[in-house]
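Numbering (the working numbering), first residue to last: 1387 to 1764. The beta carbon of each residue, even a glycine, is placed where N, CA and C say it ideally should be. Since the structure is predicted, the reported quantities are computational estimates derived from the model, not experimental observations.
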């Protein structure tokens, strides 16, 4: 028996406090990710978006928010590097104005082309988000994660944190991430997990890896590190962006060779007791709970291989991607495309912008936009 919408809201209220608001609850009920999870929970097949949802998408309930474009690094595969992005911080008054335009959202993830921990008023940002009863996630490179900031994040109620850590080889790591201090990052992550353990925080913690040819053979090493400090899951992705095609894991090897390497590394991960998740976990409602749907058990779930079918990416239907200047991207893989500016333009006009709609239509029905052809979520 399929759960009633009221029952869904009740079960998710512990994770998304803003669902107490009627407007928020109505948007959540219509979210494709929520509908899909509802079907999966009861053993029923999800048949994808309806024509109406493709053409007139429900309001988004998740937001990926870039609060700064400042970063200590010049990672060779990051859009910030090859786009030449300059440093800018989101002002708190602008954040309030953005949030006023989004009364239907339930979660904000601080992520983008900058390092969130470098925002000079990060504590104020977190307080503003918590005052609106939003679930908060944060993605970080870990360099600025001092013990003081670790305490602050936990005290202010951060709900989830993701460490971006591609490998455990110092030379490779510092080559790919120009300006990084590998030892400092590892120490900061270890210290954070100790602080979290002592605080008894229920915060979700995982590691995100962008696999590339230099790092694909080190997946097991990252899993051992994760297991050693108490991190339960690794989220694994290939590189996105057209500019990264030459750095991807496949150009210099055959699929059969890569499958052997990946299978060996996946066995190492399994021996550590760490869960290996694919990038489509980002389309789930609560990754910490919904991971069985995207757990990686076979190498072809990482590789793009003919005959292996992935579920369509739901990002442009569930998540609003907001840049530091308020501009709205079609998704995280399209930093050069804007559908309008939050706080200046009417939200309905942004969400149903003609170019945005064309992007969604092509993503769902084809031909797939060029940016999406290299996306690991397709």
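Asked	Found
Sequence-distant residues of its chain with Cβ nearer than 8 Å to residue 1480 (five each side left out)	1712, 1729
Classification of residue 1441 by the beta-carbon crowding that lies within 10 angstroms, buried from 16 upward	exposed
Under the three-state DSSP convention, the category residue 1454 falls into	strand
Length at least 3, wholly inside the segment 1417 to 1451: the beta strand (DSSP E) runs in chain order	1448 to 1451
C-beta contact flag for residue 1526 and residue 1503 at 8 Å	yes
Bounding residues of the beta strand (DSSP E) (the contiguous stretch that carries residue 1706)	1705 to 1708
Helix, strand or coil at residue 1396 [DSSP, three-state]	helix
Which listed residue (1539, 1599, 1571, 1572) has its alpha carbon closest to that of residue 1582	1539
According to DSSP, residues forming a beta bridge with residue 1493	1448, 1521
Simplified DSSP state of residue 1584, which is helix, strand or coil	helix
Collapsed DSSP secondary structure at residue 1692 in the structure displayed	With a pLDDT of 48 at residue 1692, under the threshold of 50, the modelled position of that residue is not reliable, and the figure given next carries that caveat. In this structure, residue 1692 counts as coil in the three-state DSSP scheme.
Exposure label - residue 1406; buried when at least 16 CB within 10 Å	exposed
Option in 1762, 1465, 1745, 1556 with minimal Cα separation from residue 1600	1556
Identity of the residues DSSP links to residue 1563 by a beta bridge	1461
N-terminal and C-terminal residue of the beta strand (DSSP E) that residue 1592 is part of	1590 to 1597
Distance CB(residue 1501)-CB(residue 1530) smaller than 8 Å	yes
CB contact flag (residue 1703, residue 1506, <8 Å)	no
Residue closest to residue 1536, alpha-carbon to alpha-carbon, out of 1499, 1571, 1577, 1510	1577
Contact under 8 Å by Cβ, residue 1681 with residue 1663	yes
Separation of residue 1544 from residue 1745, as counted between CA atoms	33 Å
C-alpha gap between residue 1622 and residue 1486, whole angstroms	34 Å
Rounded Cβ spacing between residue 1655 and residue 1620 (contact assumed at less than 8 Å)	7 Å
Paired residues, beta bridge with residue 1620 - DSSP	1593, 1662
Residue range of the unbroken beta strand (DSSP E) whose run includes residue 1357	A question about residue 1357 goes unanswered here, because the residues of the chain that appear run from 1387 up to 1764.
DSSP bridge partner residues for residue 1549 (one or two, in chain order)	1526, 1593
Among 1742, 1727, 1700, the one whose alpha carbon lies nearest that of residue 1716	1742
Assigned exposure category for residue 1649 - 16 Cβ within 10 Å defines buried	exposed
Residue burial classification, residue 1659 (beta-carbon count within 10 angstroms, cutoff 16)	exposed
Neighbourhood of residue 1666 by C-beta, 6 Å cutoff - its chain only, sequence neighbours within 5 removed	1680, 1763
Cβ neighbour criterion (16 or more within 10 Å) applied to residue 1616	exposed
Cβ pair residue 1509, residue 1542 closer than 8 Å	yes
Length of the line joining the Cα atoms of residue 1549 and residue 1567	15 Å
Inter-residue Cα distance where the pair is residue 1457 and residue 1705	24 Å
Alpha carbon of residue 1492 to alpha carbon of residue 1420, nearest angstrom	12 Å
Top-ranked residue by Cα proximity to residue 1606, from 1653, 1629, 1598	1653
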